[in-house]
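Trainee:
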Amino acid sequence: MAQISVSVTEGHKRPMPLAIVDFNGPHGSAIAATVRDNLDRSGLFQVQNPEVFLQRDIDVNLAPRFADWRIIKTEALVIGRGMVANGRLKVEFRLWDVYGESQLIGLEFSSSEENWRRIAHKVSDAIYRRLTGEVGYFDSRVVFVAESGGKKKRVKRLAVMDQDGANPSYLTDGTEQILNPRFNVQGQQIVYSAMSDRGVKIWIVDMDSGRKEIVSVAGSMAFAPRFTPDGQSIVFSADRDGDVDIYIKSLRTGVVTQLTNNPNIDTSPDMSPDGNQIVFTSDRGGSSQIYVMNGDGSNVRRLTFGEGRYSTAVWSPNGDLIAFTRQAEGQFQIGVMAKDGSGLRILAQAYLVEGPTWSPNGRVIMFQREAGPGDPPTLWTVDVSGTNLRQSPWKASGSDPGWSSTLP
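Printed below as a string of structure tokens:
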């Protein structure tokens with residue numbers, strides 16, 4: 001059996017030619033179009049235009065005419081169909097190795113008919129995993145701050161969308177200014193800060209019920225919250241009498257524990273996936289730099305020593321890399337480094353870029369970007385290799401994205 005595959009390190013130099021035929025049956029064309037868009041945005045595939053296909057009427061239960069696909073230099077071919085019964089949409093598809101003339105995978109997904117987009121994302125994930133060897137990231141969501149209005153009367157609402165910009169919804173009405181939204185690891189709760197006349201408070205909203213609950217902490221300002229990997233606590237920063245430090249609060253017991261205690265600003269904490277370390281930003285060394293400490297606040301050590309000011313550090317899903325924002329050379333930059341601070345690489349830069357967040361598989365980073373003074377922030381993505389920089393399908397103004405894990 002032929003074993004064609006895409007190298008995720010070399011893939012952007014020679015993307016694999018991939019053809020996806022419109023699926024037969026209900027929502028077939030829309031599902032195929034969504035799969036094409038997903039795989040094209042990954043940068044790993046040269047998704048071919050259906051107008052060049054020689055074989056168009058193709059049955060999912062029959063082998064394709066491989067010679068027709070070799071003529072247009074297709075290496076992998078996807079065909080499928082959808083069927084509706086008792087209100088359920090069932091979609092089956094096959095992935096073929098054209099030159100090996102063999103089937104690579106054949107799978108079936110089902111859900112309610114209105115969830116056809118999720119089925120398309122699951123099909124995309126399955127193809128991506130078979131051809132790259134890595135877990136896909138298409139069946140996921142992004143929480144972000146949807147911005148509107150002028151600079152002096154900016155409205156910032158809490159919003160959620162699919163990773164491809166579809167199905168946007170707004171969870172707040174704009175009466176408060178939303179900051180720092182992040183999912184829990186299950187993708188069912190969002191923690192965020194809200195700024196109003198009463199100060200900056202932390203809230204948690206449940207995606208299923210819509211119920212919102214304030215996280216009670218001492219002081220008038222509590223911000224930059226993130227869930228711990230187990231979802232049972234949040235780490236955050238709080239200003240108490242002018243001293244900004246990092247705290248952790250158990251959502252089960254309500255106990256708040258102070259993790260840092262110094263006269264400088266410690267903020268933007270993020271706990272490693274194994275729960276053993278917390279990366280954060282501090283100016284205790286004279287400028288804004290990235291530090292890491294044990295989960296209990298002990299053994300603080302500095303990670304960044306280069307030129308510039310560093311902020312918004314966040315662990316990759318498997319804990320081997322840390323993404324960050326750096327201000328240097330008159331621009332802002334998005335970069336990554338190893339968990340010990342070595343191997344620093346800059347992936348993107350512009351007048352203003354900040355707030356990186358990782359895709360569920362650690363392959364792509366999303367961030368906000370402003371092209372110049374007065375320009376609204378927009379959402380962008382870049383591959384962890386530093387290639388495939390492109391604007392998110394969500395074209396409206398948005399900032400401070402937080403990527404969910406893959407949905408169950």
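Everything in the sequence shown is counted per full-length UniProt numbering, starting at 1 for the first residue and increasing by one. Glycine is no exception: its CB is placed at the ideal position from the N, C-alpha and C atoms. Just so we're clear, the structure is a prediction, and the values are computed from it rather than from any experiment.
What number of angstroms, rounded off, separates the C-alpha of residue 275 from the C-alpha of residue 256?
Mentor: Computed Cα separation, rounded: 17 angstroms.
Trainee: Give me the residue from 288, 346 and 391 with the minimum Cα distance to residue 165.
Mentor: Nearest C-alpha to residue 165: 391.
Trainee: Helix, strand or coil, according to DSSP, for residue 11 in the structure here?
Mentor: Since pLDDT at residue 11 reaches only 49, below the 50 mark, its modelled position is unreliable, and no value is offered.
Trainee: Here's the rule I'm using: 16 or more other beta-carbon atoms within 10 Å means buried, otherwise exposed. How should residue 73 be labelled?
Mentor: Counting Cβ neighbours within 10 Å, residue 73 comes out exposed, since fewer than 16 surround it.
Trainee: Whose C-beta lies closer than 8 angstroms to the C-beta of residue 28 among residues of the same chain, with five residues either side of it excluded?
Mentor: Hits under 8 angstroms: 22, 80, 81 and 82.
Trainee: By Cβ distance below 6 angstroms, which residues in the same chain neighbour residue 206 in space, the five residues on each side in sequence not counted?
Mentor: Contacts found: 189.
Trainee: Compute the Euclidean distance between the alpha carbons of residue 64 and residue 58, then round it to the nearest angstrom.
Mentor: Rounded to the nearest angstrom, the two C-alpha atoms are 7 angstroms apart.
Trainee: Is the stretch 127 to 136 in contact with the stretch 190 to 203, if contact means three or more CB pairs nearer than 8 angstroms?
Mentor: Verdict: no, contact absent.
Trainee: Look up residue 403 in the DSSP assignment and say whether it is helix, strand or coil.
Mentor: DSSP places residue 403 in strand when its eight states are reduced to three.
Trainee: How would you label residue 109, buried or exposed, when you count the other beta carbons within 10 angstroms and need 16 or more for buried?
Mentor: Residue 109 comes out buried.
Trainee: In this structure, does DSSP put residue 65 in helix, strand or coil?
Mentor: Looking at residue 65 - three-state DSSP - the assignment turns out to be coil, as it is neither helix nor strand.
Trainee: Can you tell me whether DSSP reads residue 24 as helix, strand or coil?
Mentor: Reduced to three states, the DSSP call for residue 24 is strand.
Trainee: Tell me which residue opens and which closes the beta strand (DSSP E) that residue 217 is part of.
Mentor: Taken as a continuous stretch (DSSP letters only), residue 217 belongs to no beta strand (DSSP E), as it is neither H nor E.
Trainee: Give a yes or no on whether the minimum CB-CB distance between residue 57 and chain D is below 8 angstroms.
Mentor: No chain D appears in the structure shown, which is made up of a single protein chain.
Trainee: Using the rule of at least 16 other Cβ atoms within 10 Å of the residue's Cβ for burial, across every protein chain shown, is residue 305 buried or exposed?
Mentor: That one is exposed.
Trainee: Compute the Euclidean distance between the alpha carbons of residue 78 and residue 62, then round it to the nearest angstrom.
Mentor: In a straight line, the C-alpha of residue 78 is about 12 angstroms away from that of residue 62.
Trainee: Check whether the Cβ atoms of residue 329 and residue 351 sit closer than 8 angstroms, and answer yes or no.
Mentor: Not in contact: residue 329 and residue 351 (Cβ atoms no closer than 8 angstroms).
Trainee: Jot down the residue ranges of each uninterrupted beta strand (DSSP E) in the stretch 209 to 273, minimum 3 residues, whole runs only, in chain order.
Mentor: The stretch 209 to 273 contains these whole beta strand (DSSP E) runs: 212 to 215, 221 to 227, 233 to 240, 243 to 250, 256 to 258 and 266 to 271.
Trainee: Measuring only the C-alpha atoms, how far is residue 312 from residue 33?
Mentor: Their backbone Cα atoms lie some 35 angstroms apart in a straight line.
Trainee: Can you name the start and end residues of the beta strand (DSSP E) that residue 413 belongs to?
Mentor: With the chain covering only 1 through 408, there is no way to say anything about residue 413.
Trainee: By the 10 Å Cβ neighbour count, where 16 or more other Cβ atoms means buried, how is residue 318 classified, buried or exposed?
Mentor: Looking at its Cβ environment, which holds fewer than 16 other Cβ atoms inside 10 Å, residue 318 is exposed.
Trainee: Whole angstroms is fine: what's the gap from residue 235's alpha carbon to residue 55's?
Mentor: Whole-angstrom Cα-Cα distance: 56 angstroms.
Trainee: Compute the Euclidean distance between the alpha carbons of residue 282 and residue 244, then round it to the nearest angstrom.
Mentor: In a straight line, the C-alpha of residue 282 is about 10 angstroms away from that of residue 244.
Trainee: Compute the Euclidean distance between the alpha carbons of residue 316 and residue 16, then round it to the nearest angstrom.
Mentor: Cα to Cα, residue 316 sits roughly 26 angstroms from residue 16.
Trainee: Taking the C-alpha atoms as reference points, what is the distance between residue 273 and residue 229?
Mentor: Taking the straight line from one Cα to the other gives about 6 angstroms.
Trainee: Just confirm the distance between the C-beta atoms of residue 163 and residue 140, as a whole number of angstroms; I'd bet it's less than 8 angstroms.
Mentor: Indeed they touch by this definition, with Cβ atoms about 5 angstroms apart.
Trainee: In chain order, which continuous runs of the beta strand (DSSP E) of length 3 or greater are located wholly inside the stretch 351 to 404?
Mentor: Listed in chain order, they are 352 to 358, 364 to 370, 378 to 383 and 398 to 403.
Trainee: For residue 54, which of helix, strand or coil comes out of DSSP?
Mentor: In this structure, residue 54 counts as coil in the three-state DSSP scheme.
Trainee: So, helix, strand or coil for residue 128, using DSSP?
Mentor: Residue 128: helix per DSSP, three-state reduction.
Trainee: Helix, strand or coil for residue 6? Go by DSSP, reduced to three states.
Mentor: Note: residue 6 maps to coil in three-state DSSP.
Trainee: Going straight from the alpha carbon of residue 337 to that of residue 120, what length do you get?
Mentor: Distance between the alpha carbons of residue 337 and residue 120: 33 angstroms.
Trainee: Among the residues of its own chain, which have a CB less than 8 angstroms from the CB of residue 203, if the five just before and after it don't count?
Mentor: The answer, listed in chain order, is 191, 192, 193, 194, 212, 213, 214 and 215.
Trainee: According to DSSP, is residue 35 helix, strand or coil?
Mentor: Note: residue 35 maps to helix in three-state DSSP.
Trainee: Can you tell me whether residue 314 is helix, strand or coil according to DSSP?
Mentor: Residue 314: strand per DSSP, three-state reduction.
Trainee: For residue 333 versus residue 349, is the C-beta spacing smaller than 8 angstroms?
Mentor: The answer is yes: Cβ separation under 8 angstroms.
Trainee: Given residue 11, which residues of its chain have a CB within under 6 angstroms of its CB, disregarding the five upstream and five downstream residues?
Mentor: Because the pLDDT at residue 11 is just 49, under 50, the model does not fix this residue reliably, and the point stays unresolved.
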